[in-house]
Amino acid sequence: MAKADTVKEVLAANGQTVSEDLTQKQLDELLTIAERDGAQNLTAFSAKLAEFTPAAQTEPAQAKARSETPATPKVELVEVRVRDDIAAYGGEFTDMDSGRSIGKEAVSVPKTAFIAEKLRTGEIVEAD
C-alpha cells in the first residue's frame, strides 16, 4: 500500500492526520493501532506517533547539517612589499598559499605562515 493511502486509512480509522514523512512500516503500525482502537482511545496511537515523530524530524535535520558546507574562516589580509634594499635589486617573493608575488609594489595578501615569517625576519614589510 502507498504511503498516501495508508495516511488516508489512518484518518478514516480514527480521525487523526499523520505525516507522509514517516516510513511505510511506521505508518502500517499506526494504522493497526488506529483500526484496533478507533477514535475512542487515542492513548496508544498518540504514544506510538510521538515515538515515531522525533525520529522523522531529526533525520532530515541531520542530513541537512551534513550537506551544509562549513563557513570559510575570515582571513586577515595584510598589505606588504619587499624591504627597500631587496627591492633595489629587483628581489621578490612568491607566497605559495595565495600564489601572489611580493615585490617593490605593495600587494594585499592573506596573512599566512609564510607571510608572518617573512614579516618577522624583515624580508618583507607592511606597506605604509
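Per the working numbering, the very first residue in the sequence shown carries number 2; after that it's consecutive.
For glycine and all other residues, C-beta sits at the position ideal for the given N, C-alpha and C.
In the three-state scheme derived from DSSP, where H, G and I count as helix and E and B as strand, Thr7 is classed as helix. In this structure, Leu32 lies near Val11, with their beta-carbon atoms less than 8 Å apart. Counting along the chain, the unbroken beta strand (DSSP E) around Arg82 starts and ends at Leu78 to Val83.
Here Arg82 is not near Ile116, since their CB atoms are 8 Å or more apart. Ser47 carries a helical assignment under DSSP once its states are collapsed to helix, strand and coil. By DSSP's assignment, Phe94 forms a beta bridge with Ile103.
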